[in-house]
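Please read the structure below before turning to the comments.
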Amino acid sequence: MVSVIGAGAWGSALYHAIKQKIKNAVITSRHKRNIEGFVSLDEAFKNEYLIIVIAAQSIDDFLRENREKIKNKKILVASKGIDNKKLKFLNEIFEEYTDKNNIAFISGPSFAKEVKQNKPTALVIASKNLNLAEKFSEFFPPFIKTYIDDDVEGVEVAGAYKNVIAIAAGVCEGLNLGSNAKAALISRGLVEMARFGEFFGAKKDTFLGVAGSGDLFLTANSTMSRNYRVGLNLAKGKLLEDILDELGEVAEGVFTSKAIYLLAQKHDIYTPIANEVYKILYQKKNVLDSLKDLMS
Numbered sequence: 016m017v018s019v020i021g022a023g024a025w026g027s028a029l030y031h032a033i034k035q036k037i038k039n040a041v042i043t044s045r046h047k048r049n050i051e052g053f054v055s056l057d058e059a060f061k062n063e064y065l066i067i068v069i070a071a072q073s074i075d076d077f078l079r080e081n082r083e084k085i086k087n088k089k090i091l092v093a094s095k096g097i098d099n100k101k102l103k104f105l106n107e108i109f110e111e112y113t114d115k116n117n118i119a120f121i122s123g124p125s126f127a128k129e130v131k132q133n134k135p136t137a138l139v140i141a142s143k144n145l146n147l148a149e150k151f152s153e154f155f156p157p158f159i160k161t162y163i164d165d166d167v168e169g170v171e172v173a174g175a176y177k178n179v180i181a182i183a184a185g186v187c188e189g190l191n192l193g194s195n196a197k198a199a200l201i202s203r204g205l206v207e208m209a210r211f212g213e214f215f216g217a218k219k220d221t222f223l224g225v226a227g228s229g230d231l232f233l234t235a236n237s238t239m240s241r242n243y244r245v246g247l248n249l250a251k252g253k254l255l256e257d258i259l260d261e262l263g264e265v266a267e268g269v270f271t272s273k274a275i276y277l278l279a280q281k282h283d284i285y286t287p288i289a290n291e292v293y294k295i296l297y298q299k300k301n302v303l304d305s306l307k308d309l310m311s
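Terminal number for the sequence shown in the working numbering: 311, no gaps in between.
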């Protein structure tokens with residue numbers, strides 16, 4: 016009935032949760048994993064409902080390669096990010112390959128480790144097809160509270176943008192600038208991502224809820240966040256390439272910062288924090304100079 020595609024930390028956590036309600040759920044990924052219920056990709060595609068949890072920058076290639084197999088499937092997208100080559104949101108990419116009424120998106124404050132421990136978690140499932148969102152919500156166990164929404168754009172932008180703000184917050188923490196400065200940075204980040212999202216049709220209220228401020232406050236305040244750790248290590252003077260190697264998993268904010276920067280330049284959107292993160296990552300700007308420019 017349900018297949019999780021992507022067995023990284025977040026995919027494995029979602030599978031752990033869903034398996035509690037859907038006993039015959041399966042999971043797959045590019046590389047064989049020692050997980051009960053692991054199947055081949057072809058076997059996973061036999062199920063009607065798919066939960067896709069692969070890196071955002073790989074989504075377009077994955078969909079192109081499996082165009083015929085996903086055409087009539089019901090899909091829940093748990094990936095977060097913006098394609099930095101096509102400069103498109105994931106919902107735009109999915110709609111190139113399947114009907115928008117077959118797609119839902121899930122996001123919210125949810126560290127994989129805590130989900131695997133069955134700790135209380137709240138998530139938003141957004142879709143233009145609210146019946147589909149409701150159906151996916153039925154797959155989750157009681158410790159996960161799901162909210163249903165139709166603001167796909169808002170939930171997507173929030174899930175992607177908060178990773179970029181988390182990198183900046185990690186830099187702020189790593190430079191020991193203090194709690195006052197980090198609080199100011201995160202609150203300004205919330206305003207910034209709402210401004211960016213509204214330009215693309217998102218609802219302002221989405222950024223004040225679980226998918227927006229909830230996910231941002233979590234991700235930008237804990238070393239459990241990969242993106243936050245990227246910022247911490249940049250502040251220590253480590254090279255980005257070395258940081259990513261040490262992480263062992265994708266830090267989507269690194270790639271999303273480029274997409275946001277380029278989209279903001281194209282559409283003249285004021286995104287000062289994302290701009291500075293981009294300059295640190297891609298133009299090798301000194302982190303202290305960058306934070307000083309932000310706070311000035």
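Ideal placement from N, C-alpha and C gives every residue a C-beta, glycine not left out.
Which of helix, strand or coil DSSP assigns to valine 206 = helix
How do the region 73-80 and the region 47-58 stand: do at least 3 beta-carbon pairs fall below 8 Å, yes or no?
-> no
Starting from tyrosine 285 and walking both ways along the beta strand (DSSP E), at which residues does that stretch end?
-> Looking at the DSSP string, tyrosine 285 is not in any beta strand (DSSP E), and its letter there is neither H nor E.
With distances taken from CA atoms, which of Asn49, Glu171 and Val68 is nearest alanine 209?
-> Glu171
Determine the DSSP secondary structure at tyrosine 162, reduced to helix, strand or coil.
-> strand
Give the DSSP-derived three-state secondary structure of lysine 273 in the structure shown.
-> helix
Tell whether a beta-carbon distance below 8 Å holds between aspartate 164 and alanine 141.
-> yes
Simplified DSSP assignment, three categories, for alanine 217 | coil
Threonine 234 (DSSP reduced to helix, strand or coil) = helix
May I ask you to verify whether the region 61-71 touches the region 248-260, counting CB pairs closer than 8 Å and requiring at least 3?
-> Here the region 61-71 does not lie against the region 248-260, with fewer than 3 beta-carbon pairs under 8 Å apart.
Distance, leucine 249 Cα to aspartate 230 Cα | 22 Å
Could you give the distance in angstroms between the alpha-carbon of lysine 143 and the alpha-carbon of alanine 217?
-> Between lysine 143 and alanine 217, the alpha-carbon positions lie close to 13 Å from each other.
Contact between the region 178-198 and the region 232-251: three or more CB pairs below 8 Å?
-> Contact between the region 178-198 and the region 232-251 is present, because at least three Cβ pairs lie under 8 Å.
Is it buried or exposed for asparagine 290, if we count other Cβ within 10 angstroms and need 16 for buried?
-> Of the residues assessed, asparagine 290 falls on the buried side of the cut-off, its CB having 16 or more other CB atoms within 10 angstroms.
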